[in-house]
Structures are given as structure tokens and as C-alpha cells.
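Comments concern the structure below.
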Amino acid sequence: MSDQPELSVLEAIREALFEEMGRDERVMVLGMDVGRLGGVFRVTRGLMERYGPERVVDTPLAEGAIVGASLGLAIGGMVPVAEVQFLGFTHQAFHQIGPQLARYRFRSRGRFSAQVTIRAPFGGGTRTPEFHPDAIEAQFVQAPGVKIVCPAFPDDAKGLLLEAIRDPDPVLYLEPQRLYRSIRGPVPPGDHTVPFGSSRLVREGKDVLLVAWSAAVHLCLEAAGLLAQDGVEASVLDLRTLVPLDVAGLIAAVEQSGKVVVVHEAPLTGGFGAEIVATIQQEAFGSLDAPIRRVAARDTPYPPGSMEDYFLPSVRRIVAAARATVEY
Amino acid sequence: MSDQPELSVLEAIREALFEEMGRDERVMVLGMDVGRLGGVFRVTRGLMERYGPERVVDTPLAEGAIVGASLGLAIGGMVPVAEVQFLGFTHQAFHQIGPQLARYRFRSRGRFSAQVTIRAPFGGGTRTPEFHPDAIEAQFVQAPGVKIVCPAFPDDAKGLLLEAIRDPDPVLYLEPQRLYRSIRGPVPPGDHTVPFGSSRLVREGKDVLLVAWSAAVHLCLEAAGLLAQDGVEASVLDLRTLVPLDVAGLIAAVEQSGKVVVVHEAPLTGGFGAEIVATIQQEAFGSLDAPIRRVAARDTPYPPGSMEDYFLPSVRRIVAAARATVEY
Amino acid sequence: MIELLGVDGTVRGTSPMTSKQVVDALRLMLLSRAVDDRLIKLQRMGRVGVYGPVHGQEAAVIGSAMALDPHRDWIVPASREHPAMLRHGLPLMNMFATYMGNFDAAAIPDGVRLLPRQQAIGAQLPHAAGLAWALKLRRAGGVVAVYFGEGASSEGDFHEASNLAGVMRVPLVMLLINNHYAISTPVHRQTAATELAARADGYGFPGFVVDGNDLFAVYATTLDAVNRALSGGGPTLIECRTYRIGFHNTSDNPKEYRDPAEVDEAEQRDPIERVRRFATREGIWSAAIESAALDEIRSQIETAQRQVEELPRPGAAAIFEHVYEQLSPRLEQQKAEALDDARPS
Amino acid sequence: MIELLGVDGTVRGTSPMTSKQVVDALRLMLLSRAVDDRLIKLQRMGRVGVYGPVHGQEAAVIGSAMALDPHRDWIVPASREHPAMLRHGLPLMNMFATYMGNFDAAAIPDGVRLLPRQQAIGAQLPHAAGLAWALKLRRAGGVVAVYFGEGASSEGDFHEASNLAGVMRVPLVMLLINNHYAISTPVHRQTAATELAARADGYGFPGFVVDGNDLFAVYATTLDAVNRALSGGGPTLIECRTYRIGFHNTSDNPKEYRDPAEVDEAEQRDPIERVRRFATREGIWSAAIESAALDEIRSQIETAQRQVEELPRPGAAAIFEHVYEQLSPRLEQQKAEALDDARPS
Ligand SMILES: Cc1ncc(C[n+]2csc(CCOP(=O)(O)OP(=O)(O)O)c2C)c(N)n1
Ligand SMILES: Cc1ncc(C[n+]2csc(CCOP(=O)(O)OP(=O)(O)O)c2C)c(N)n1
Ligand SMILES: [Mg+2]
Ligand SMILES: [Mg+2]
């Protein structure tokens, strides 16, 4: 462990791209500003110099075409890793994701598959303008055929991205922009994959379970630290992938305490937290000792960056919800 | 009651359009084929003859422009009622709905509002091709600012549409295509509105509550009929609007029996049923005597019409889920 | 507007097609019309869901397809181009299976360079641009021919795909089948442009308008575009001006929105009749040849239809196949429930 | 390309603007540049989130805005057109509030015919088409001027809006500000078209390319378009060829992707300098006038900035305002929680 290099989330993603483009010459990267500039966050910096402008491509400003062409590229034998500049702009490509990319294997009865990864940064906490922080992952859950992946740590960022690129089905790979450079951690060098549908218990505690994904995992860890000071021991479960969902891992974690708080950055109503609650109460009804609380963003449009703290879930709200749940 | 004319759902919608265009000259209807043809389902038949081609407009084939222009029309003082030919094709306009229409009041701090109604037929049961039956209502729930309305009966079809057109905020008005002509019922003539956020208990029974919206309400009623033959008394709650959600009405109905089945035509995972479950278990945890079961479509793409019965929720599955819940 | 074959069957200059090609095209046109008739009949009998006929557009669809090499080029169809798909290698049985609701039997067979029909208007255009891009990147040779209607040309997908194809200079032939209607909407309500082909200019590649009822003009213009694409010249937009003589599909009744005189006039420019006249004059076609061809077509159709009818219908399990390469545990569970459910009680 | 005012400040023919207009334009251009400087400075101090300067594009933005009547016409901006918004009636304080994160104070005041800035590239184009359509339907008079970049011209929204505007023949002036870059992407990677204005042809209305660094050419071409629209002639597309001299925004560093020589060259064609030369030669401008103007601008900016700084910052309740006209019970509950939450513990 200790001899693994420490990387940021951003570096881990970049390393995965560098390695996989080296390993598989069908892999290509496309998107706005990903080439010469290396992307607005510089995630793809250096890729174009290394692999050339045929495989690292600056596209016109058209999200629908980026996704739609990626499907065609995959049918033609390439393995596209498309970047959408911010998840909020997948709205512009929505009709090419759920109804096209996700259904092409089904529609063609397996003749064609869409081995396409869409990378997109998302999430709040960086005071970025409208659309840029939108956490709209739940809107893709109703598009069967696509997988939804959301790492929260550097090692998972690498392992899940390599898994995504190799997955024969389309994957939405969501990058926690507030964590890009703010956390570092050991990342296994070389080939390292993390299977989809396996959650990760990142902290163990007997009193209450906090369930989250992406950047919210770190809010939960912080909350768990505060709760521990008061003698409340919280587990934190990082789902890592929403589709497929690790139902078995989730239920096993729930059964430890029978008390659950779900945390996400998207607005409360209709967020993926609702699915987590519905799944738990169906599969572990007998183990539940308190209602499952959800700590989420408010049911409003995303406000200007300077006001996002009023909107987003906070450590304080998580702590309060966990206490109320434990004391129920 | 008995002197109210019996109309089909389709006729009730048409009546509302005729009346409101007569009442308010700012109201206009736009969409593909809505004018000369009267729409692919003939919902708008006769409107163009009556109100002229300036107020009833056949547009080019571009859903994004239909919705985006409707926002501009509203800002300019018109009250557009836009038809999207099938809800599945709102995918093409997705970036103009959640991020634009829904947020314009917020973004402009109330200077501009988007008094726009988007009508779209949806739902299965008519053996229609891909996209045409897609029940993607849940994808709009994470777009705060828009309201989601889904009538299941002729009187509500009229009353909710009039309410939608007059609502100063954008409304997605979802029409149950399989009910268009298959059910009839009394419809109050003249001005008749149904407030949003008020659910309707369409059948009362003490043993179990079936919660649904749109066409699935009728599946529940059929199931309740069958259950009654076996001595199981089911209530059926028609939510009528998903956003705003009638939480108080929902909880009151849940508390009658403490046993709940939620039914919807959209795929299970991440459907609006999850939100219903999450809300109930939060607000009525103590009253629940059994896990809430969800009966929904499968987590697959919509299959060809000839195979939709394998995909959709069926009366049989609802009956089975209700029995299992009662016997829990 | 490029025109070569007159309504009277005379050709301007020499025929761009060999005699064999002309005869092949004519047979395919007749097959197309016979398929229209059969599928409309089956729909009326409740054995087909919805069907949209090719009637009137045969020259545009077949003339362009014949300029392609099925072993080298790809076709990305919209939904009214099954004669092109058949010519490119789709078995007639698979085509019948498409409309008769047997989706497994409808699949594009391995090796056939065709994408499935597209029900979302215009959505196939970015796919085609991407596929052509892949051919270029892999130096695979070949071009992609993508079909779409004048209605589709109003969608954002058309624009984004065209512009991307121009920038990447991909081997793409864009076949805009302007049949003057999108359901009930006439082309003059679809756009104020006098020529849709003029849009190519705004994407940096050539555009042409051809008489889409003229087999030779369509064929020759497409062949030029294919050759340009093969030699690295990038995309071409070809607007084929034709007319949808039939209804939009079997749920439609065009009398509700268009003047029958317009249809009568279009019938005068029937794309099959002109080829028949040309071929007859050339001595490569006759009433006797046609009658034999029609017999053969009828039997082909009978066989295809029977084959589909004899197939087992896919069951509940089929909807869980090809969702992902592998089912998740949740989908496995749903599949088990569905199989249980589908069992007679 | 339409050109009237040379780099040396000489005009081809007579000036299309009155002396007063020229002086007003020059003041606005100087204000724009001073605002750029101030907001960049405030961003560096952490008091502004992100700012995208107008630097280099002043003639395109201001020349077009000056052809509009604020009491009659509407402006639908993208995000780099605040000088046009100011000229159209947006108070400078509201503009500062936009960037300093006070969204309530940033709102477009009642009566000012402006839509808010748009962060989703291209999304404002269908809104503009719809608004122009409403003006036509209500016989309100006036036109809508919509701004967008050459990057935005690749989005589906551009296409769908243009085509709809053409069909409905709405009073719309489409101002395509081709500043040669979309973040790092140069226009030759954005499109293979040699002229973006050529796209107008494909929508059935006229398109023009103008030297976007030429105040007079932009003004005169826009005025023609406004008059055409007012007299029922429908939309016009105007491609203003200019150059983004500054960075894309304060998070960007153009040295990473473009040759400084290119920028030096663009500086030679500075849009302000030519107007200054012209006005000086005409005797309506001098160093003394400029220095007084700059003093006045500085004090305007000081005032606006101070006004914003003195405003109370919106609190938690503000995010629940203007979601809907009326809050649902669920939102009421969330609001109560949020207010509770925002209280110091
Ligand atoms: C995105 C989308 N919007 C609407 C429809 C409904 N629809 C089906 S066919 C059609 C008209 C298509 O016209 P055109 O592109 O000219 O093709 P044609 O039918 O004439 O072959 C429409 C609007 C659809 N299938 N997809
Ligand atoms: C739909 C969408 N995609 C991507 C972005 C990210 N983005 C912000 S500005 C910009 C470039 C815009 O270029 P252009 O339209 O030429 O305007 P300019 O910045 O040059 O004024 C991009 C890609 C966005 N804001 N919206
Ligand atoms: Mg057509
Ligand atoms: Mg630009």
C-alpha cells in the first residue's frame, strides 16, 4: 500500500486515460477543448501530444453530436471516451443518451453495442455558475441500458474508469469536480479495475449508516467524524455505481444498525436517494428501526455559486439527520 | 351529475382547449401537425378552423424549438399550449425544459415567468412503436420549476388542463394515450378547474392502498375489483399531479390501512414510485405494517408493441403484490 | 436540379447505368411496391402494427442504394428505405419480421453493413457521421450513406451531425429524401429555404438538388458523392426531390390535409414508369419480362411472410436479452418474475 | 465582407452615424473596457466569481446595439454583451451585481426590454425566435436582436431557432459574434464553412458578413436588418467577424492554446482606436474629452461597485423565491428548514 503513488482524483483519471490509450489503440478521446488545451480542467492534458490529434479530438460545440457520433464511432470499431464539459450540458445530448446510446444493443438485438464512456464533471462546492454544478444523475436512471458510475476516491477514479472504458456497454462516468484536486490518495499503478455493482464501506460504525456517492461521501465522512466525538458511531457506504446498484452490499450494511441516512447533492424530490430508500424498505423492512432520512439539495433551481451553501446538503444537516435517526 | 355530458378523455381535452382559446385570446396552440390535421390523435381537430392559423400553428419538426420558442412567446405575452407529438420526443427538447423553461422565473428573479403548457401523450397498451409509449415523467421531477400533471379521467383531463393553461408556471401535461378514447365519463361543462396538488381517492377499501397516476389508475381499479371478489378491500389513490405532490392526501390514505402498493408504467428503478415510497416511509413510518411494494415496468428499454405485455405492469401483478402486502 | 431521365423515358446523354443495373433497379422498384401492398394488407388484417410505404420514392431510395457497394459501404436508414436495405443485404424475411413484430428475427445479420431503422426522426444522423469518422480513422475504405427526410432536416441532430461531418471531413453521403411532407406538414411549412441542399454551404461541403423521381440522376449524383468521399473529399448533401404518393403510414389519411390533385400530378411523374419506358425502348424489358418478374416477387414475398409466420414468437425472456451484455442481479430477478408471470395460471 | 471604417479611421462614403452617436459609441466602448479591467481586478481579489471580458469585440456589440431602439426592441444576450445591455437600459449597478453574486440586485428591471444572460450556449436562440414571434402576433412593433457566438452556431438550438424564425418570418436580427474562438477551439475547428453567414440561405433569409471591428459597418448592417424586420421582411443573420483579444474568462489562459502573434495582429485592428481616429479627425473627440470621459466612467464604476457592496446579501430565503409563483407545502417545509439551518448555532 505505502509504495503506491499518491494521486489526486484528477491525476488518477488522467493516468487511466494515458494507460488505456497506450494499451488499446481503438480508444480515443473526444470533446470540446480536450485536445490542445487539455480540457477546461486539464484532465486530458498531454494526451494529444502523446497520442496525436486523430485520437484526441477537439470537437465543435455540440453535445448531441459528440454523443451521437461516439455511438457511430463505436459501431465502426473505435472505443470512444467522450467528454461533456459539464454534466449539466448532457441535457443538450439527452436524446442521444437514453433513447439512443442506451438502447442500441437492445434495438439491434445484440448486433451492435455501444462501448462508449461519457465523462462529465459535476457537483457543487466550487462556486461555479449555473448548469456547471447540476447533479442530474437521477435523470439517467430511467434510461435502462446505460450504467452510471461515480467515484469518490482517487483509486476508484482510476479503477472505475478503466472498467468503464472496457465495458461493452455505455457508461456515464461522473467526476466529482470539487474533489478533482482537493483530495489525494494511493492509486495502484498499472492495470487496476474496480467491478461495477460493488459498493465500498469506507467507515464502519454500529449506530447508523450513511449512504452516499461521489463528493457527498466526503461530507458523510466528515459528519461521521463529528458524530464520533459525541459517541455516535456511523458507517459510511460509498455506492460507487448507481446502475448497477449493489443491492446486496447495501442491505448488508443496513442490517448492521437498522438506521439509515441517505445523502446526495441533487434536489431531494425524485433524486436517486428515493430509489435507495425504496429498495431498502422493500428488501430490509424488518431490519429498519427508524424512518430513513434523506439529506439532499433543496427542490429549487441551482442558485448562484455564492449562495450554494443554502442549497446543498451540509455536514451539519447530515449530523442532525443522523442524530435524529439514532434517537428515533 | 347526471346531466353532465359524457366525454372521452380526448374530447375533454379538446373541449378545454376550445373553451380556453375562446376565453383568453393570448392562448395559442403550436406543435407538429396540430393545425390542418388536428394532431396525430386529432385532439386539436377543429381548433384551426375556429381560431385561425395565427393561433393554431403547425411548426417545423423540431421539439427543442417548439419548447424554446414557447418560452419566448410567453415572455412576449402569449400563453402557448405546445404539443409534443409523444412524450418520448421531449427527449429532443430536454435541454429547453428543465434548464430553461423551468428555471426562467428563478433566473430572472421573477421578472419573467413561463406560462407554458406542454401537452404530450404517453404510456403503453396501444402497441405503438418505440419512443411513442415512453413513460419518462420521473426524468422531469429533478427539474424544479416545472409542474407535472397526469389526469386519468375525463373530468380531470379538462379541469387539470384549464388549471395548467392558467398556471403562471410551466406545466407538463401528460395525456394517457391508451385512455384517449377507451373511457368516457361526465365532464362539467364550462369553467371547471382542478387544483394541483390534490389527489383523489377513486375507490375506498380498508385493507390496502393502491397508489397510481394516469392510465395505471385504471389497472389499479381493475385489480381492486378482482381483489374484492376475494374479500380484499383496496383503496385506489389517483395522485393527479406528481409535482406538486399531495403529501397530506397521500399520508392520510396510507394511514387507513398501513399497507401500500405503488403502481406505474415507467421502469421500476428510479421511477416516481421510489419517491412515493421514500415520502411515505419518512412521513408515516409508524403506520406502515408491511413493506411498500412497487409494481412497475421492467428495467429494460421499451420493447416492440407486440411484446409490451411482458414489460408493463399488469393487473395480475398488482393483484399479486396487493395480496402479498395484505398477507405480510 | 439535376435531371437525366425524362418522364417519357428518354435520357439526356447516355445512361449512367448498365443494362443489368437498370433491370436490377426496376425489379427492386417493383418489389418495393409489392411489399408496400402486402404490408398494407397485413396491417389491415391486424397482423402488422404500423407501416409507412415507399410509394413514389422508389427512384430516390433505390437509385442511391445502387451507387453503393454492400461489401464496402454502410447504409444508415431512417425508416422508409427498406428497398435500399434489401439491396444492401437485408434478407426479405428479416424485413417482414420487423413489421410483423418479431424483433429477434428482424435483426441485421452479421456482416451486413446496415444499421437498424430509426424511429426518432433525425437521430441517426450523428451516428452516421460517427461511423463514417470511424471508417476514416481505421482507413477501412468505404463510405456511409445516411437517409433522412426533409422533416428531419429541421432537427438539431441534422445540423450538429452535418457540421461535425464537415469539420472531420468524413466519407459521408447525406441523402435528404424530400418527399414534400412530414406527416401532414408540407415542406413550405417545414422551412422557408428554397433549396435544402443549399445548407451544405454552411457546413463547407457540396450540396446538390436532384430530381428524386429520376433513377439515373439520383444514381449518378450519389456515385459522384461516393467517389468524392472515397478520395478524401468529405461529405456531400444530396436533396432528392420526390413525392410521398401514399399515406404517411397506415394510421394516416392524407385526404384530411392535402389536395388529391397534387397527388394526381405526382402520379404523372411516377419513378417506375419512366424506367419502364426507358428499358422497354432499350429492349431490355417487356410485358412478358415484367409479368415473370412479378411472379417471382410474389413468391419471394410469400416465402418471407411464411417464414416469419412459422417462427416462434419471442417470449418474456427476450426483453431481458441485449439490455446489457450481462444482466445485473436486479434484472435477473425481474426476469425470473416475468417468466413466472408469463406462465398461464 | 462589409467594411466602412478603415483601420486608419477613414470612412468609405459618409458616416452612417451622427456625431452624437459616434461620441456615445466611443464612450460606451471605453466604459466597456474599463468594466473589463475592474471586474478582472475584482475577480483576482476573490470578489467576483468568473468574468468573461468583451475586449476586442466592442464594435460588434455596441455597433449593433446602437441600431436598436430600447423603447421598442428587445435584446436577447448570450453572455459577453453587457455593453449592449447597458445601452439598452440595464443599470450599471445591476450589471455589477450579476458578477458580484447578488442575484436579486442583478435582475433586469421592469420595463427594460432585455432577457437575462444565458449560460447554456445557444439556448437563448429559440427564446429569441419565440419572443420575436410574439411581437409579430401581437402586432407590437419592434424587433428582437439575439447575440450568440460562432461556437453557439454549432448547437442544434441555433439551427432549430433559425429555421423556425424563417418559416414564421419573425422580426429577428441574429448577431453572430464570430470572435474566432470558443474557449480554446478556433473557428476552423468549429466548422468547415468559409462563411457562417451563408447558413441564412438554408433558412430562407438574408445573411451578411461584416467586419465586426468596424463600428459603422456593424451599425449600418444591423440597421438595415432592423428595418427589414420592421417592415415584415423577416429575420437576418449577421456574422460579425471580430477577435477575442482577452482570455475566454478569468479561469482561462489563452497562451496555452494560441499564438501571441495572432493576438498582436488583432490588436492592430482594435475597434476602439479606429473610432477614436475617426472622431478626432472629425473634431468631435480629443485627448481632453477622452480624459474627462474616463474620469466620469471611473466614478460611474466606483458608484456601481459601492452600491452593490452596500446591499444586503440575499439569505437562505432567496433561493426559495421565484421557484414557482407560489411555494408548494414541501418547499415551504424545506424553506423553514433552510432558515433554521442558516441560523448561527
Ligand atoms: C424526434 C421525433 N419527433 C417526432 C416524431 C413523429 N414523426 C414520425 S414520422 C414524422 C415525419 C417525418 O418526416 P420526414 O423526416 O420528412 O420523413 P418522411 O416521413 O417524410 O419519410 C414525425 C414527425 C418522431 N418519430 N421523432
Ligand atoms: C451548452 C453548453 N456547452 C458548453 C458550455 C461551456 N462553454 C462556455 S463558453 C463556451 C464557448 C462559447 O463559444 P462562443 O459561442 O463562440 O462564445 P464566446 O465565448 O466566444 O463569446 C463553452 C463551450 C456551455 N456553457 N454550454
Ligand atoms: Mg418527408
Ligand atoms: Mg466565440
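Chains as they are written, first to last, in our numbering: chain A, 10 to 337; chain B, 10 to 337; chain C, -17 to 327; chain D, -17 to 327. Note that the Cβ used here is the ideal one computed from N, Cα and C, for glycine as well.
For residue i, does the count of other Cβ atoms within 10 angstroms reach 16, so buried, or fall short, so exposed?
i	result
N195(D)	buried
K156(A)	buried
H141(D)	buried
P204(A)	exposed
Q100(C)	buried
L104(A)	The sequence given here places His at residue 104(A); Leu does not occur at that position. By the 10 Å Cβ count, H104(A) comes out buried.
E137(D)	buried
P242(D)	exposed
T99(A)	buried
E238(C)	exposed
If you follow the alpha helix (DSSP H) that residue i is in, where does it begin and where does it stop?
i	result
R326(A)	324 to 335
G168(A)	163 to 175
P195(A)	Element bounds for P195(A): not the alpha helix (DSSP H) but the beta strand (DSSP E), 193 to 195.
G282(A)	281 to 292
C229(A)	225 to 238
R99(D)	R99(D) -> no alpha helix (DSSP H), and no H or E assigned at all.
E142(D)	138 to 150
P81(B)	Strictly speaking, residue 81(B) in this sequence is Gly, with Pro absent from that position. It spans 72 to 84 - the alpha helix (DSSP H) in which G81(B) sits, taken as one unbroken run.
I need the DSSP call for residue i, collapsed to helix, strand or coil.
i	result
W115(C)	helix
L56(B)	helix
D12(B)	coil
T167(C)	strand
K156(A)	strand
H273(B)	strand
R329(C)	An answer regarding residue 329(C) cannot be provided, because it is not within the stretch -17 to 327 covered by chain C.
N231(D)	coil
G40(B)	strand
L293(D)	coil
Excluding the 5 residues flanking residue i on each side, which residues of the same chain have their C-beta closer than 6 Å to its C-beta?
i	result
P163(A)	L16, V18, A21, G194, V196
M30(B)	V36, Y60
P185(B)	G132, S223, A224
Determine the chain G residues that contact residue i at a beta-carbon separation under 8 Å, and present them in chain order.
i	result
T53(B)	Checking the listed chains, one finds no chain G in this structure; the protein chains it contains are A, B, C and D.
Which first and last residues belong to the beta strand (DSSP E) in which residue i is found?
i	result
L248(A)	No beta strand (DSSP E) contains L248(A), which DSSP labels as neither H nor E.
A91(B)	88 to 92
G31(B)	Here G31(B) belongs to no beta strand (DSSP E); instead the alpha helix (DSSP H) covers 18 to 32.
V125(A)	V125(A) -> no beta strand (DSSP E), and no H or E assigned at all.
F130(C)	126 to 131
A305(A)	302 to 306
Whose C-beta lies closer than 7 Å to the C-beta of residue i among residues of the same chain, with five residues either side of it excluded?
i	result
Y189(B)	S17, V18, L19, F50
L178(D)	E132, S135, L158, N160, E221
For this session: Could you run through the region 121 to 141 of chain D and flag, in chain order, every residue whose CB is less than 9 Å away from some CB of chain C?
Result: Per Cβ criterion, the list reads S135, S136, E137, G138, D139, F140, H141.
Exercise. In chain order, what residues of the region 60 to 71 of chain B put their CB closer than 7 Å to some CB of chain C?
Worked result: D67, P69, L70, A71
Problem set entry | Contacting positions in the region 141 to 152 of chain C - beta carbon closer than 7 Å to chain A | E142, A143, N145, L146, V149
For this session: Taking a Cβ distance cut-off of 8 Å, strictly less, list which residues of the region 95 to 115 of chain C are near chain A, in chain order.
Result: L97, P98, A102, A105, L107, P108, H109, A110, A111, G112, L113, A114, W115
Exercise. Residues in the region 48 to 66 of chain C with C-beta within 7 Å of chain A's C-beta atoms, listed in sequence order?
Worked result: none
For this session: Quick one: which residues of the region 67 to 88 of chain D get their C-beta closer than 8 Å to a C-beta of chain B? List them in chain order.
Result: Per Cβ criterion, the list reads F85, D86, A88.
Exercise. For the region 307 to 335 of chain B, which residues have a beta carbon sitting closer than 8 Å to at least one beta carbon of chain C?
Worked result: R307, D308, T309, P310, P312, P313, G314, S315, M316, Y319, F320, S323, R325, R326
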